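Numbering (my numbering), first residue to last: 616 to 819.
So this is what it looks like as structure tokens:
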């Protein structure tokens, strides 16, 4: 979150399309609703919604059989794909020679790997950390996603609850934190509500 992954996904699509390549864009649980990829910079693009039973292989073979040209896939929010869907994407790359670019986060608000993200790391030809670093409220690099419900950071609950959408409960939001402040459940709002003084050194 806040690292520009959806922006990069759309930029990657633009770069390939500008060279005459034909691609398909996929997403699931985008913050703005179904069948669309959006970035916090205001960029948007229509997409194919990946439901839990979506079959990448069948969809692709059907498209090719009907004469469609497909050079590449852009897969946003790939952490929400099932492990089986990730395996299908690998098969498409290997057997149909279609380039697949996946964008997503690795861990959930509990600091646990998403099943889809774990399978993606296991099968990907290459993984890259985005060059734009998300920052915690303290200024350190943010490495963890925190779920905030009714103003309180939580570490238990359903793995997938989408925030920043019209359909999501207004009380649910997400914030990126460094590991230290995620462990202490110290969100920006909570930090403002307490007296923030330099923490004492760990010795008497």
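Every residue, glycine too, gets a C-beta built ideally from N, C-alpha and C. Please read all numbers here as calculations on a predicted model, not as lab measurements.
* Close beta carbons around residue 686, own chain, < 8 Å, minus the five adjacent residues each side -> Stepping through the chain shown from its first residue, residue 686 is reached at position 71. Contacts found: 631, 636, 637, 638, 713, 714.
* Asked: Does DSSP put residue 644 in a helix, a strand or coil?
  -> Your numbering for residue 644 matches position 29 in the chain shown. Of the three classes helix, strand and coil, the one that applies to residue 644 here is coil, per DSSP.
* Asked: Among the residues of its own chain, which have a CB less than 8 Å from the CB of residue 793, if the five just before and after it don't count?
  -> Within the chain shown, numbered from 1, the residue matching residue 793 stands at position 178. Contacts found: 751, 753, 755, 756, 757, 758, 759.
* Asked: Where does residue 695 sit, in a helix, a strand or coil, going by DSSP?
  -> Within the chain shown, numbered from 1, the residue matching residue 695 stands at position 80. Residue state, collapsed to three classes: helix.
* **CA nearest to the CA of residue 742, picked from 641, 802, 718, 628** => Within the chain shown, the letter at position 127 stands for residue 742. Per the Cα distances, 718.
* Helix, strand or coil for residue 799, going by three-state DSSP, please let me know. => On the chain shown, residue 799 is found 184 positions in, with the first residue counted as 1. Coil at residue 799, not helix or strand.
* Asked: How many angstroms separate the CA atom of residue 720 from the CA atom of residue 766?
  -> As a working mapping, residue 720 is identified with position 105 in the chain shown. As a working mapping, residue 766 is identified with position 151 in the chain shown. So the alpha carbons of these two residues sit roughly 23 Å apart.
* Length of the line joining the Cα atoms of residue 656 and residue 749 -> Position 41 of the chain shown, counting from 1, holds the residue named residue 656. Position 134 of the chain shown, counting from 1, holds the residue named residue 749. Approximately 14 Å between the Cα atoms of the pair.
* **Which of helix, strand or coil DSSP assigns to residue 653** => The residue labelled residue 653 in the question sits at position 38 within the chain shown. Of the three classes helix, strand and coil, the one that applies to residue 653 here is strand, per DSSP.
* Would you identify the three-state DSSP class for residue 663, choosing helix, strand or coil? => Position 48 of the chain shown, counted from the start, is the residue given in the question as residue 663. Correct three-state label for residue 663: strand.
* Any idea what DSSP makes of residue 585, helix, strand or coil? -> The displayed coordinates of the chain run from 616 to 819. Any statement about residue 585 would go beyond what the structure contains.
* To do: Take residue 732 as the anchor and find which of 806, 666, 696, 688 has the nearest alpha-carbon.
  => For the purposes of this step, residue 732 is taken as the residue at position 117 of the chain shown. Minimum Cα distance to residue 732 is reached at 696.
* Asked: From residue 806 to residue 800, what distance separates their C-alpha atoms?
  -> Position 191 of the chain shown holds residue 806. Position 185 of the chain shown holds residue 800. Computed Cα separation, rounded: 10 Å.
* Asked: Of all the options 628, 676, 644, 620, which has the alpha carbon lying nearest to the alpha carbon of residue 774?
  -> As a first step, residue 774 is located in the chain shown; it is residue number 159 there, counting from the start. The shortest C-alpha separation from residue 774 is found at 644.
* Asked: So which of 738, 711, 789, 628 has the shortest CA-CA distance to residue 658?
  -> Here residue 658 is taken as the residue at index 43 of the chain shown, counted from 1. For the residues 738, 711, 789, 628, the minimum Cα distance to residue 658 belongs to 628.
* To do: Note down the Cα distance separating residue 804 from residue 698, rounded to an integer number of angstroms.
  => On the chain shown, position 189 is the one that residue 804 refers to. On the chain shown, position 83 is the one that residue 698 refers to. Cα-Cα distance, rounded: 36 Å.
* Beta-carbon separation of residue 650 and residue 671 under 7 Å? -> Translated into the one-based positions of the chain shown, residue 650 becomes position 35. Translated into the one-based positions of the chain shown, residue 671 becomes position 56. At least 7 Å separates the beta-carbon of residue 650 from that of residue 671.
* With a threshold of 16 other CB atoms inside 10 Å of the CB of residue 784, please say whether the residue is buried or exposed. => One-based indexing of the chain shown puts residue 784 at position 169. Note that residue 784 scores a pLDDT of 48, beneath 50, so its modelled location is shaky; the value from the coordinates is reported in the next line. The residue is exposed, with fewer than 16 neighbouring Cβ atoms inside 10 Å.
* With 16 as the cutoff for other CB atoms within 10 Å, does residue 681 come out buried or exposed? -> To locate residue 681, count along the chain shown from 1; it is residue 66. Exposed, by the Cβ-count rule.
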